[in-house]
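In this note's numbering, the protein residues as written are 34 to 101.
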């Protein structure tokens, strides 16, 4: 039979189990996209220039300093 694919989004506040639930899916062989990890990579890569231009002073050592 045909396989059906669907996209499931996990949302919630800090400490609600999103990372734990994602780990369960990964362990079961289900692909997981971690948007937070993607954004963190962008803050040290392609987004540094545009964010630095829009918000002067937030780039420290070539990486976006989220606290600033």
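From the three backbone atoms N, C-alpha and C, an ideal C-beta is built for every residue, glycine too.
Asked                                                                                                 : Found
Assigned exposure category for residue 93 - 16 Cβ within 10 Å defines buried                          : exposed
CB of residue 53 within 8 Å of CB of residue 43, strictly                                             : no
One or two residues paired with residue 92 in a DSSP bridge                                           : 97
Start-to-end residues for the alpha helix (DSSP H) that takes in residue 83                           : 81-87
Residue 82 vs residue 91 beta-carbon contact at 8 Å                                                   : no
Contacting residues, own chain, Cβ-Cβ under 8 Å from residue 96 (five flanking each side not counted) : 76, 77 and 81
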